[in-house]
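In what follows, a single structure is set out as structure tokens and then discussed.
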Amino acid sequence: MRQFRVGLTITLAVYGVAILAAPVSWSFIDNINLPVHETGHLAFAAFGDTLQLLGGTLLQLLLPLAFAAYFTMQRDEHAASVGIWWVGQNFVNISTYMADAQPMSLPLVGGGDHDWNILFSEWGVLSHAGQYAQLAHGFGFLVMLVATVWGLFDALDTRQQAPAPRVRYNHARRR
55 MRQFRVGLTI TLAVYGVAIL AAPVSWSFID NINLPVHETG HLAFAAFGDT
105 LQLLGGTLLQ LLLPLAFAAY FTMQRDEHAA SVGIWWVGQN FVNISTYMAD
155 AQPMSLPLVG GGDHDWNILF SEWGVLSHAG QYAQLAHGFG FLVMLVATVW
205 GLFDALDTRQ QAPAPRVRYN HARRR
């Protein structure tokens with residue numbers, strides 16, 4: 055298991071470098087992120103226009119955070135670090151979308167509205183979209199870096215790790 059975790063962490067590091075080198079390119083993980091993003095719009099639709107627009111981005115960040123929280127509760131720090139890496143990758147992905155708020159040259163699903171163009175316009179900061187994109191990109195890079203280092207340290211930890219606690223459910227009714 056240790057070798058698998060080291061290998062996975064190194065793979066994520068290499069994949070992260072590739073994503074950072076060409077953030078506009080379509081990558082394998084975008085096949086997961088895009089449906090999550092679109093589902094976020096639906097999930098937040100009941101909370102008004104602004105949250106519906108933000109919903110795609112929010113779910114892109116909340117879903118991997120939920121994975122990280124779950125694995126943290128299960129005391130599987132390596133798996134949690136993978137979830138945190140995914141959060142960082144999503145920030146890089148989101149930064150590309152933010153940077154496109156003015157030129158609007160990215161192909162959009164269904165050719166619909168551009169979330170960040172609308173949001174930045176409503177907030178009066180469209181002219182600063184590139185700066186916000188750089189912040190999101192830099193933050194994503196830092197999160198991916200920290201998660202990779204954390205995952206590698208955890209994978210290489212030679213101390214005996216206690217197994218994750220098992221939750222047992224008694225489905226029998228008590229009378």
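In terms of my numbering, the sequence shown has 158 at position 104, counting the first letter as 1, and numbering is strictly consecutive. Ideal Cβ placement from N, Cα and C applies to all residues, glycine included. Being a predicted model, the structure only gives us computed values, none of them experimental.
Is DSSP giving residue i helix, strand or coil here?
i: L160; result: coil
i: I148; result: helix
i: Q128; result: coil
i: S135; result: helix
i: D211; result: coil
i: D84; result: helix
i: S181; result: helix
How would you write the range of the alpha helix (DSSP H) that residue i sits in, first residue to last?
i: E73; result: For clarity, residue 73 is Ile in the given sequence; the question names Glu instead. Counting along the chain, the alpha helix (DSSP H) containing I73 begins and ends at R56 to A75.
i: S175; result: D169 to E176
i: G100; result: According to the sequence displayed, residue 100 carries Ala and not Gly. Unbroken run through A100: none, as it is neither H nor E.
At the level of alpha carbons, what is the spacing between residue i and residue j?
i: V146; j: I83; result: 12 angstroms
i: M152; j: L210; result: 37 angstroms
i: V197; j: H132; result: 15 angstroms
i: M19; j: L180; result: Any answer about residue 19 is impossible in this case: the structure gives the chain only from 55 up to 229.
i: A190; j: S149; result: 5 angstroms
i: R59; j: T111; result: 29 angstroms
i: A187; j: W80; result: 18 angstroms
i: Y124; j: L66; result: 20 angstroms
i: L96; j: A76; result: 29 angstroms
i: H168; j: P118; result: 23 angstroms
i: L162; j: S175; result: 18 angstroms
i: G178; j: A100; result: 24 angstroms
i: G94; j: Q106; result: 8 angstroms
i: L74; j: Q185; result: 17 angstroms
i: Q57; j: T104; result: 45 angstroms
Thinking just about the alpha-carbon of each residue, which of the options is nearest to the one in residue i?
i: G142; options: Q57, A76, V200 and A209; result: V200
i: G192; options: V71, W177 and L108; result: V71
i: N87; options: Q114, A122, V163 and A75; result: Q114
i: N171; options: H182, Q185, H91 and Q156; result: Q156
i: G102; options: L116, Q57 and L173; result: L173
i: N144; options: F195, G61, D208 and F207; result: F195
i: Y69; options: F207, A183 and V136; result: V136
Using 8 angstroms for Cβ pairs, my map puts residue i next to residue j. What's the rounded Cβ distance?
i: T63; j: G166; result: Actually they do not touch by this definition, with Cβ atoms about 37 angstroms apart.
i: G109; j: F98; result: 3 angstroms
i: T202; j: W139; result: 6 angstroms
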